[in-house]
Amino acid sequence: MWSLGAAQAQMQAIAAALMPLGLSASGRVQLPSIEIEDTANALVVTAFLPGVEPQAVQVRATSKSLTFSGQRQSGYRSPLIQSLGINYFQQTVPLPERVLDRQVQVAYQGGAIVVTLPKAKGWGQRLMQSWQRARVELGLALKAWGQRLLEDR
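Laid out in structure tokens, this is it:
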């Protein structure tokens, strides 16, 4: 006797095994859901990859982009039939700012891959920090000079 649930699961497993890269059984493109959080010192990229083992995901970073690639295995088993499908995926995410691609931290938290990328300090940021330091030093020097003038009176 056939079970509708078993037959449906079998059809989905067969379709998943036959579908080309990045397509679901319904023909829709499947890409990881990705969120980018911009903090003061880093970009934090969270990729939700349901059904993918963290060990099967590779993360590559450049100063301007982040690439997730890997494979997801789907399978169906019954006493008569065993099916195993492997779906490969790759997605490159452009980053809103330049990052230090050699200082990437990758963690697996609650079913998501979290990548922390420290921001590269550009010319403008370095100039602003130098200007702020110079203002503080100049302010201290002027304060000391003013106190000496008042003491000399």
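Numbering (my numbering), first residue to last: 83 to 235. Idealized CB from N, CA, C, for every residue including glycine. None of these values were measured; they are calculated from a predicted model.
(message) Taking 7 Å as the threshold (C-beta atoms), are residue 200 and residue 182 in contact?
(response) Yes, they are a contact pair.
(request) Assign residue 197 to one of two classes, buried (16 or more other C-beta atoms within 10 Å of its C-beta) or exposed (fewer than that). (result) Within a 10 Å sphere around the beta-carbon of residue 197 sit 16 or more other beta-carbons, which makes this residue buried.
(message) One question on the structure: do residue 122 and residue 186 come within less than 7 Å of each other, judged by their Cβ atoms?
(response) No, they are not a contact pair.
(request) Pull up the CB-CB distance for residue 136 and residue 190, whole angstroms please, since I reckon it's below 8 Å. (result) So it is a contact: roughly 4 Å between Cβ atoms.
(request) Pick helix, strand or coil for residue 179, following the three-state DSSP scheme. (result) In this structure, residue 179 counts as coil in the three-state DSSP scheme.
(request) Could you tell me which of 232, 223, 231 and 195 sits nearest to residue 141, measuring between CA atoms? (result) Nearest to residue 141 by alpha-carbon distance, out of 232, 223, 231 and 195, is 195.
(request) Measure the Cβ-Cβ separation of residue 116 and residue 129 and say whether it is below 7 Å. (result) For residue 116 and residue 129, yes; Cβs fall inside 7 Å.
(request) Identify the continuous beta strand (DSSP E) that holds residue 115 and give its terminal residues. (result) For residue 115, the uninterrupted beta strand (DSSP E) run begins and ends at 115 to 120, by DSSP.
(message) Looking at the secondary structure, which residues open and close the beta strand (DSSP E) in which residue 194 lies?
(response) The continuous beta strand (DSSP E) containing residue 194 extends over residues 194 to 200.
(request) Look up residue 146 in the DSSP assignment and say whether it is helix, strand or coil. (result) DSSP places residue 146 in coil when its eight states are reduced to three.
(request) Could you spell out the range, first to last residue, of the beta strand (DSSP E) harbouring residue 131? (result) Looking at the DSSP string, residue 131 is not in any beta strand (DSSP E), and its letter there is neither H nor E.
(message) Give me the DSSP bridge partner(s) of residue 169.
(response) BP columns for residue 169 point to 154.
(message) For residue 202, tell me which candidate among 139, 134, 138 and 147 has the shortest Cα-Cα distance.
(response) Nearest to residue 202 by C-alpha distance, out of 139, 134, 138 and 147, is 147.
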